[in-house]
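Each residue of the sequence shown is one higher than the one before, counting from 76 in the numbering used here. Cβ coordinates follow ideal geometry from the N, Cα and C atoms, glycine included.
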Amino acid sequence: MTPPDRTAPPLRAVRIQAKCPVCGKLADTKYRPFCAKRCADIDLGRWLKEGYRVPTDEGPENDDPETSQGRTGQDR
Ligand SMILES: [Zn+2]
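Structure, rendered in structure tokens:
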């Protein structure tokens, strides 16, 4: 028998209050942990930028259409 501990919030509550790391809005279950696809793209862009900084043996010569998504030109 374990009485509810008020000092530690249940993990479920933390999950529900997940916020978009980009704009801070509540995350949408469809685009978790982001609130929208736009924010997911923004975060992905940042992540890729940081990735380019890391020296790696494999250059970005692999023109895989699956990895170069998000550049469809529909945003402008
Ligand atoms: Zn957002």
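* To do: Take Val97 and list the residues in its own chain whose beta-carbon comes closer than 7 Å to its own, dropping the five residues that flank it on each side.
  => Phe109, Cys114, Ile117 and Asp118, listed in sequence order.
* To do: Give a single yes or no on whether Lys197 has its beta carbon closer than 7 Å to a heavy atom of ligand 1.
  => No statement about residue 197 is possible, as the shown extent of the chain runs from 76 to 151 and does not include it.
* Asked: Under three-state DSSP, which class holds Lys94?
  -> strand
* Beta bridge counterpart(s) of Leu101 as assigned by DSSP -> Lys94
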